[in-house]
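Scroll down for the structure; my scribbles are underneath it.
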Amino acid sequence: MSVAAMMKRRAEDLQYRAASAAKVSWYTAFYVMGRHIVGPLTKPGEVPKPSRFGGVDMGAMRKSFTKLFDNERRDIAAGLYKMPREFTQAPNPAASLRRAKDYLDEAGKVTRRANTPGGGVEVRESAPDGLPGYYKQNFHFQSDGWLSERSAQVYDTQVEVLFTGSAGAMRRRALAFIAEEVARLKAAGRTEEDISLADVACGTGPLLADIADNFPAMPITAVDLSEPYLEAAKRAVAGRGRVSYLAAPAEKLPFADGSLDMLTTVYLFHELPPKVRREVAAEIARVLKPGGLYVHLDSVQYGDTSMDLLLESFPKAFHEPYYDSYAKERLEKLFGEAGLELEGTKIGFLSKASAFRKG
């Protein structure tokens, strides 16, 4: 390696360290403020139930958090994917403060909903017709569930605060699998323009934007059931790549059989009832080409780390009605029954990326 290349790599490493540390500090501050507003996870007058697990090893948790960023730095240094745009663009102070205010305002509403009987299904009476019943809920006790522009505006901040600035790096564990697959297909003679990918349940588009940044010639279809979240994704990804957008449920994907090289989902399966998970797994297998790759990113599950106590408390504290059953789900069996074989797993702090190949 030339001296110039070494200096460039060193500069990028320092840039990543500084930018990620600043991001973590910013969101950790709002985590502390948010916890002050929300208060204890146990409701007033409620006696905490005994846990099935021991305490959380805080030392191991800190190591896992640090390892997430170390692994991403190594992937970037190896050229697997680009430095994330969130670490190369100067922050907009006015926009950052506006998002922070929106988050703190929403934290108070979340607290009220969490302490009100029926607060988790407040949205059902006003939800549009035609949506699945499981979807018409205030997941995370957030205002309007997935069904308003206001919800879409505050969601990414909520997630980053919850994970103290690590959400982007966790999502990009999936990007590592995607980059490896693109490299494999190119080595086999394919061109980027000829490789198709669908990001299903794309939400506001954070992973979608990272994929488009790294593979601007690849045709990508973004799918989500929420029109407001799709609109937010369009704004987030504007000017990047070749992306089209479709509103559709994951259990009825608008693609022909065997038409996609890759398909991704991020934090989808823990918000699906067990029966629907199987329907979605079958749909994923249906639309992938033979030999196609499915990249699944979601929460870690029981037994993956030493932090099972956090997984046990999460669904009740944040209104995740299907989370506990997901944390017990055997992914290899779930997707294996649909014809998808596990190829690899990458754990990043509290998230797990898994790659499945269609036979």
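At position 23 of the sequence shown the residue is numbered 23 (full-length UniProt numbering), and the sequence of numbers has no breaks. We put the beta carbon where it would ideally sit given N, CA and C, even for glycine. Bear in mind that the values here come from a model prediction, so they are computed numbers and not experimental data.
In the displayed model, residue 245 falls within a strand according to three-state DSSP.
A direct Cα-Cα distance of roughly 13 Å separates residue 33 from residue 111. Assignment of residue 228 by DSSP, reduced to helix, strand and coil, places it in the helix class.
If you draw a straight line from the Cα of residue 64 to the Cα of residue 58, it comes to about 10 Å.
Taking a contact to require three or more Cβ pairs closer than 8 Å, the stretch 235 to 245 and the stretch 297 to 306 do not qualify as touching.
A direct Cα-Cα distance of roughly 36 Å separates residue 162 from residue 259.
Judged by DSSP secondary structure, residue 357 falls within the beta strand (DSSP E) whose first and last residues are 351 to 358. Counting every other CB atom within 10 Å of its CB across the protein chains shown gives residue 92 a total below 16, marking it as exposed. The distance from the Cβ of residue 80 to that of residue 209 is about 17 Å, inconsistent with a contact at the 8 Å cut-off. In terms of Cα proximity to residue 122, the closest of 236, 137, 235, 335 is 137. The residues 278, 281, in chain order, have a CB closer than 8 Å to that of residue 337 in the same chain once the five nearest residues on each side in sequence are set aside.
The alpha helix (DSSP H) runs lying completely inside the stretch 106 to 136 and spanning 4 residues or more number zero. In the structure shown, residue 251 falls within a coil segment according to DSSP collapsed to helix, strand and coil. Looking at the DSSP output, residue 347 bridges to 352.
A distance of 7 Å or more separates the beta carbons of residue 237 and residue 198. Excluding its 5 nearest sequence neighbours in each direction, residue 348 has C-beta neighbours in its own chain below 6 Å: 68, 170, 173, listed in chain order. Counting only runs of 4 or more residues that sit fully inside the stretch 159 to 245, the alpha helix (DSSP H) segments are 167 to 187, 206 to 214, 227 to 237, in chain order. Between residue 353 and residue 297, the CB-CB gap stays under 7 Å. The alpha carbon of residue 167 has as its nearest neighbour, out of 51, 284, 207, 3, the alpha carbon of 207. Contact check for residue 204 against residue 229 passes: the beta carbons are separated by less than 7 Å. A straight line joining the alpha-carbon of residue 102 with that of residue 4 spans about 44 Å.
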